[in-house]
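To convert, take the position in the sequence shown, counting from 1, and add 18; that gives my numbering. Cβ coordinates follow ideal geometry from the N, Cα and C atoms, glycine included. In this text the structure is predicted, and so the values were computed from the model without any measurement.
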Amino acid sequence: MNQIIACLFLIATFSLSFKTTDPLEDSVKRGKDVYSTYCVACHQADGKGLENIFPPLAKSDYLMADKKRSVKQVLHGATEELTVNGKKYKTPMMGFPNLTDQEVADVLNYVRNSWGNKGEIVKTEEVKKARGEKKKKG
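Structure below.
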């Protein structure tokens, strides 16, 4: 009987070792797909954007400065001038209110943890709260 219990324990431990248990890592993986579908045309595959037209997300001071603002901009868009890494951008960004809370969190976790960025996890609860708030400028 002890051998059966030990064997089951080893099987459970072995199978768990192959699963990702890091929620940020899982979200980043899903977010890459969302980015490829909705964001890559403007911000490009390398996150560098298009100079003087679409701002970079790679090593972006603006993106990393305010997580809540980023959530609101993905949901509601941005129409005001933005300064990113010292450069001004005037091209409006459309919002994506059709994305689920999970998709918004995932895509932000992807961009906030790619191309030299390192950010804390964006949670679906934060997206849900921001979805209900009025758009903040800047």
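Exposure of Met112 is indicated by the presence of fewer than 16 other C-beta atoms within 10 angstroms of its C-beta. Within its own chain, no residue has a Cβ closer than 8 Å to the Cβ of Thr39 once the five positions on either side in sequence are excluded. In this structure, the CA atom of Gln62 is about 19 Å from the CA atom of Leu93. If only complete runs of 4 or more residues are kept, the region 111 to 148 shows the alpha helix (DSSP H) at 119 to 129, in order along the chain. Around Arg130, the same chain offers Gly137 as residues with beta carbons nearer than 6 Å, after the five sequence neighbours per side are excluded. In the DSSP assignment, Thr101 forms a beta bridge with Lys106. For Thr55, the enclosing alpha helix (DSSP H) stretches over residues Pro41 to Tyr56.
Ala83: member of the alpha helix (DSSP H) spanning Asp79 to Ala83, first to last residue.
For Leu93, the three-state secondary structure derived from DSSP is helix.
Bridge pairing for Leu75: absent [DSSP]. The count of Cβ pairs closer than 8 Å, one atom from the region 112 to 124 and one from the region 72 to 83, stays below three, leaving the stretches out of contact.
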